[in-house]
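Heads up: the structure comes next, in structure tokens.
Residue numbers (this note's numbering): 37 to 252.
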């Protein structure tokens, strides 16, 4: 029987079908999209032995993102989870295993660019099971506005200094010249002037961090 003329003369494509279950995708492919918010969000899933799940989210420069499979806020896992964070070039930039408690993981990352990032949830070795991922973001407060108040004062007088509220700030830290008295964690401070002049400063704080100081 004569052979087909093109037998072995050109590459062939062979399609293999199976269960249709992908054990573990590779970045930039992903399983789920996330939209982090300032409040805690959760997403529950599972994977098989040697498997994983990959999430994609849009990161904003300067935002601090937290992802965890334990440590409260609705995060849980039935197996020893590991977290891998990858940037928009699919290069690993963070990893955690048992960072918060045994068999759980937690990553905190402050984005240094704006664009997509990826999170892989995987089991240690070939561990597998169900998990609930908890995630959010926060932003450090911006520089407070100008400080209002008198700049020419008499020793022993009482003076009040204030700023406008800073978006996202939960408290404020004031610093006074040496010898002045007074304290406050709000947008204003009342102080008794000391015998020397100097600089007054204030920074804005929240759970994510602190701003640069505003001075007068």
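Where is the CB? At the ideal position from N, CA and C, for every residue including glycine.
Here the alpha carbons of residue 175 and residue 208 stand approximately 15 angstroms from one another. Between residue 195 and residue 224, the alpha-carbon positions lie close to 10 angstroms from each other. Here the C-alpha atom of residue 147 lies approximately 25 angstroms from the C-alpha atom of residue 250. Comparing alpha carbon positions, the residue from 140, 168, 125, 135 closest to residue 82 is 168.
Excluding residues up to 5 positions away in sequence, 168 lie with their Cβ nearer than 6 angstroms to the Cβ of residue 80 in the same chain. Around the beta carbon of residue 116, a 10 Å sphere encloses 16 or more other beta carbons of the protein chains shown; the residue is thus reported as buried. Following the DSSP letters along the chain, one finds residue 185 in no beta strand (DSSP E), marked with neither H nor E. Of the candidates 173, 239, 217, 239 places its Cα closest to the Cα of residue 183.
In this structure, the beta-carbon distance from residue 236 to residue 213 falls below 8 angstroms.
Close CB contacts of residue 222 within its chain, under the 7 angstroms cut and outside five residues either way in sequence, are with 208 (chain order). With respect to the C-alpha of residue 99, the residue from 204, 180, 135, 61 having the closest C-alpha is 204. If you compare the alpha carbons of 88, 247, 216 with that of residue 180, the shortest gap goes to 247. Where residue 92 is concerned, the enclosing beta strand (DSSP E) starts and stops at 88 to 95. Per the coordinates, the alpha-carbon of residue 111 lies some 17 angstroms from the alpha-carbon of residue 131. Here the C-alpha atom of residue 215 lies approximately 7 angstroms from the C-alpha atom of residue 232. In the displayed model, residue 105 falls within coil according to three-state DSSP, outside both helix and strand. Residue 66 has its alpha-carbon roughly 13 angstroms from the corresponding atom of residue 123.
A distance below 8 angstroms separates the beta carbons of residue 64 and residue 154. For residue 130, the three-state secondary structure derived from DSSP is strand. A distance below 8 angstroms separates the beta carbons of residue 140 and residue 106.
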